[in-house]
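Sequence lines, in order, name chains F and B. Going by the working numbering, the letters in the first sequence line up with residues 1294 to 1479, in that order. Going by the working numbering, the letters in the second sequence line up with residues 375 to 834, in that order. All C-beta atoms in this analysis are idealised placements derived from N, C-alpha and C, irrespective of residue type, glycine included. One structure is given here, and the rest of the page talks about it.
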Amino acid sequence: MSHAEPKNVVAPKTFGVLAEFGSPAEVYHAAEKVRDAGYKRWDVHSPFPIHGIETAMGIGDSKLGWIALFCAFAGAFGGFGLQYWIHNFAYPLLIGGKPMVAYPAYVPVTFEPGILFTAFGCLLGMLVLNGLPRLYHALFKSENFKKFSDNSFFISLEARDPKFSVENAKALLSSVGGRNIEVVED
Amino acid sequence: MILSRDDDPAQRPVLVETGSFHEVTEIIASPTERKIHFSWVILFCLSVSLMSLMAALFGYLFWEGTGIWGVNVPSAWGWAIVNFVWWIGIGHAGTLISAILFLFRQRWRTAINRFAEAMTIFAVMCAGVFPAFHVGRIWVVYYIFPLPNQMSAWPNTRSPLFWDVFAISTYFTVSLLFWYMGLIPDLATLRDRATTNVRKIVTGIFALGWRGSARHWQNYERAYLILAAISTPLVLSVHSIVSFDFAASKVPGWHTTIFPPYFVAGAVFSGFALVANLLIIAREVFGLKKVVRLHHLENMNKFILLTGSLVGYAYSMELFIAWYSGNIYERFAFWHRALGTYWWSYFIMVSCNVIAPQLFWIRKIRRHIWITFVICIFVNIGMWFERFVIVITLHADFLPSSWGYYRPTWVDIWTYVGTFGLFGTFFLLFLKFLPQLAIAEVKGAMPEANPHFHPNSESH
Chain F
1294 MSHAEPKNVV APKTFGVLAE FGSPAEVYHA AEKVRDAGYK RWDVHSPFPI HGIETAMGIG
1354 DSKLGWIALF CAFAGAFGGF GLQYWIHNFA YPLLIGGKPM VAYPAYVPVT FEPGILFTAF
1414 GCLLGMLVLN GLPRLYHALF KSENFKKFSD NSFFISLEAR DPKFSVENAK ALLSSVGGRN
1474 IEVVED
Chain B
375 MILSRDDDPA QRPVLVETGS FHEVTEIIAS PTERKIHFSW VILFCLSVSL MSLMAALFGY
435 LFWEGTGIWG VNVPSAWGWA IVNFVWWIGI GHAGTLISAI LFLFRQRWRT AINRFAEAMT
495 IFAVMCAGVF PAFHVGRIWV VYYIFPLPNQ MSAWPNTRSP LFWDVFAIST YFTVSLLFWY
555 MGLIPDLATL RDRATTNVRK IVTGIFALGW RGSARHWQNY ERAYLILAAI STPLVLSVHS
615 IVSFDFAASK VPGWHTTIFP PYFVAGAVFS GFALVANLLI IAREVFGLKK VVRLHHLENM
675 NKFILLTGSL VGYAYSMELF IAWYSGNIYE RFAFWHRALG TYWWSYFIMV SCNVIAPQLF
735 WIRKIRRHIW ITFVICIFVN IGMWFERFVI VITLHADFLP SSWGYYRPTW VDIWTYVGTF
795 GLFGTFFLLF LKFLPQLAIA EVKGAMPEAN PHFHPNSESH
């Protein structure tokens, strides 16, 4: 039995071009050249964070600190407010003549929720900023890319970039020393 | 590259005895992929049996009430609180190693941090069961949380016992988040090496689709830095708050301002000792000697020496202040601790905590694996007795007619032994199924990871 050709088949879209590098130094210098070539939608993939790579890539500072700061204040105010509300509104209970607004005694339960909220803010904020969890990604189609978590370093130039064309990207990556250059389909 | 020898003081010791990232992956990831060894199964069965024993004894307690423990009035806090403080103290080394050493850029910590963090989480679990069941009526344990309830009652937030609930639960949660965050890149390594479908799916889900992007690493490193920065005051606060359970009461021998720093030093002391014990066994069994080096164990021993000396200083200062205060009840409490009914526990405490670690002044002993092992065991015994000495101060309270001799029952003893089963079960699962060392961090600490590293240059 022969299959009829489905009508609305979409031709595979190109995700981008991937190139492999052998060491942090190689990928660092290659990143500087890709940055200078004016690419915006591209990335470096490495098994560990490379010191100073954000300068080589020309990307700005992380915004995570602001998220963490907001969470810290939310937690601390929440903790203090909870105690204030309990002792002054919900259940005023006189114990040993202690004042209801015994703010020195409120310190531990102001501090601990502040820390707790900050910790959640750090982990979840990191995931949100990074667009994770995202179990599917076009790069995972490349068998060679699996080495990124072992001992290889990669640069991926994405088709979303206005400067992107497969030929240019391949030429740029090979001129900066990339090996095993491949086109990745989305 | 140059491999410096450990006994050559002219050269800074290298952290990892290899120049290859791939070898690091192999050393750390391959133990999780090997077939399960028979000895692991034996140990696991033993741990699960002990854990079941603990569960059964808690069931018995649930049925019968706290009368089956040795606690009485005035010794209302018996082994349960001793064990609680001992386990939670052990749990402090993990965060100390992860956070404080991270902030001080002590990169040798990469060899031990994953291990210590795992130990922290499991130790806090063991600690948590004791106060939970010590409340007596476990079915209304939710009273301690600020939850709306049928009585419209709320807890007294000005009490140290309430602070304790927040400190311990925050500490457990933050340690777990910190640990998991460190695991994400390493789970991606396991995912990319996985050969079976089950491994691919499980590691794939928990790795959250990590793809080592530099943009992601930037946020990741910032998150890690902030977590380390907040965990440092957290770890100091937790044991301080635990010590408030004692210090904020009006019992002679407990009502002292030295308790918070002294508890924290003791916690770090026992935590480092247990990390050293577990690490010594694991590096022999799993072949981690290239990454967990003698140099790392020596550094830990220096910490044990430092914190042991701090603890010794605290003991002598306690005695001095008791005498100097001129308060007869305070004087009696300390005289009775050292020379009274329970003199033998004070004796064990001092010899294990103060005298034994002083041997680490000698370099040969610091670098001798099995002497280190024995001293660390002594430290943990000593720290258990320290908490016993403090808690048992209660047995001679304000009214001499109610003084008595506290002794644990068989239930107390086997519940404590059972918590080792709880700890062992989780720790063995961790050893077998997760990377025991932080793969990405070990690689990042190698000289080859520096983008300005030149393999054939003498000057670098």
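Taking 8 Å as the threshold, the shortest C-beta distance from lysine 817 of chain B to chain F falls below it. By the Cβ-count criterion, serine 1458 of chain F is exposed, with fewer than 16 other Cβ atoms from all chains shown falling within 10 Å of its own Cβ. The shortest CA-to-CA distance from valine 422 of chain B to any of B:Pro825, B:Asn571 and B:Gly798 is the one to B:Gly798. When secondary structure is reduced to three states using DSSP, arginine 488 of chain B falls in the helix class. Here DSSP, grouped into helix, strand and coil, assigns phenylalanine 1457 of chain F to coil.
Residues of chain B whose Cβ lies closer than 9 Å to the Cβ of arginine 1427 of chain F are, in chain order, Leu582, Gly583 and Arg585. Looking at the backbone, the Cα of valine 791 of chain B and that of leucine 693 of chain B are separated by about 32 Å. Per DSSP, the unbroken beta strand (DSSP E) holding alanine 1312 of chain F starts and ends at 1307-1314. Measuring C-alpha to C-alpha distances from lysine 1356 of chain F to each of F:Leu1417, F:Phe1447 and F:Tyr1332 identifies F:Leu1417 as the nearest. Residues Ala473, Phe476 and Leu477 of the same chain have their beta carbon placed closer than 6 Å to that of alanine 602 of chain B, with the five preceding and five following residues left out of the count. Secondary structure note for phenylalanine 1441 of chain F: it is in no alpha helix (DSSP H), with a DSSP letter that is neither H nor E.
Isoleucine 558 of chain B sits in a helix when the DSSP states are folded into three classes. Nearest to threonine 469 of chain B by C-alpha distance, out of B:Ala497, B:Pro448 and B:Val456, is B:Ala497.
Contacts with chain F at 8 Å (Cβ-Cβ) include histidine 590 of chain B. Among the CB atoms of chain B, none fall inside 8 Å of the CB of phenylalanine 1370 of chain F. For the pair alanine 1431 of chain F and valine 1477 of chain F, the CB atoms are nearer than the 8 Å cut-off. Contact note: phenylalanine 827 of chain B reaches chain F through Ser1316, Pro1317 and Ala1318, using a C-beta cutoff of 9 Å and chain order.
Under the Cβ criterion of 8 Å, histidine 396 of chain B is counted among the residues facing chain F. The three-state reading of DSSP puts histidine 590 of chain B in helix, counting H, G and I together. A straight line joining the alpha-carbon of serine 394 of chain B with that of glycine 818 of chain B spans about 12 Å. Interface criterion met: the Cβ of tryptophan 528 of chain B is under 8 Å from a Cβ in chain F.
Of F:Val1337, F:Leu1362, F:Phe1410 and F:Ala1361, the smallest CA-CA separation from glycine 1351 of chain F is found for F:Val1337. Closest option to glycine 578 of chain B, judged by alpha-carbon separation, among B:Ala588, B:Val649 and B:Leu557: B:Leu557.
Residues Ala501, Phe504 and Pro505 of the same chain have their beta carbon placed closer than 6 Å to that of phenylalanine 458 of chain B, with the five preceding and five following residues left out of the count. Judged by DSSP secondary structure, isoleucine 729 of chain B falls outside any alpha helix (DSSP H); it is assigned neither H nor E.
Excluding sequence positions up to five before and after arginine 483 of chain B, its CB lies within less than 6 Å of the CB of Ile471 and Leu475, all in the same chain and listed in chain order.
Ranked by Cα distance from valine 763 of chain B, the options B:Ile410, B:Ala541 and B:Phe620 are led by B:Phe620.
Taking 8 Å as the cut-off between beta carbons, the residues of the stretch 550-581 of chain B near chain F are Leu551, Phe552, Tyr554, Met555, Pro559, Ala562, Thr563, Arg565, Asp566, Arg567, Gly578 and Ile579, in sequence order. In the DSSP assignment, asparagine 1473 of chain F falls within the beta strand (DSSP E) that extends over 1472-1478. DSSP lists F:Val1310 and F:Trp1335 as the beta-bridge partner residues of leucine 1450 of chain F.
Shortest Cα-Cα distance from valine 548 of chain B to any of B:Val515, B:Lys574, B:Gly586 and B:Thr494 involves B:Thr494. Cβ contact annotation for alanine 647 of chain B (same chain, cutoff 7 Å, sequence separation greater than five): Ile678, Cys750, Val753 and Asn754, in chain order. Nearest in C-alpha terms to tryptophan 777 of chain B, of all of B:Val785, B:His613, B:Thr767 and B:Arg705, is B:Thr767. The C-beta of tyrosine 516 of chain B comes no closer than 8 Å to any C-beta of chain F.
At a cut-off of 8 Å between beta carbons, valine 548 of chain B contacts chain F.
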